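With the working numbering, letter number 15 in the sequence shown gets 17, and the count goes up by one each step, no holes.
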Amino acid sequence: MIHVILFVLSLAAFGCLALAMERHQRDVLRCVLSAHAVQQLRAVGWALLMFSAVFAMRALGVGSGLAALSGHTSVAAGVVVLAMVAHGRLNR
């Protein structure tokens, strides 16, 4: 269950960080968000990554937790990238 939580936290974090970029805002939301909204998305994304790091280290130990987090963040980032590519191709 810990790994599912880590993956979901990482996926949400990278989703927020992706939507903080103007290009992805135009592609997905079809508008550009305000500077305040972008700042909030970045803050939430980084906070989720930091929370997931602390959660992983507390649940699995420092070494195993960071190793697991590294894998989950890599897969989550890949999923977000593939979702952005798929969204772009489906909405041409």
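Even for Gly, the Cβ is constructed at its ideal location relative to N, Cα and C. In this text the structure is predicted, and so the values were computed from the model without any measurement.
Secondary structure at Arg-94: coil, using DSSP grouped into helix, strand and coil. DSSP, reduced to helix, strand and coil, places Val-64 within a helical segment of the structure shown. With a beta-carbon spacing of about 6 Å, Ser-54 and Ser-12 fall inside the 8 Å limit used to define contacts. Around Ala-45, the same chain offers no residue with a beta carbon nearer than 8 Å, after the five sequence neighbours per side are excluded. For Arg-25, the secondary structure class from DSSP, reduced to helix, strand or coil, is helix.
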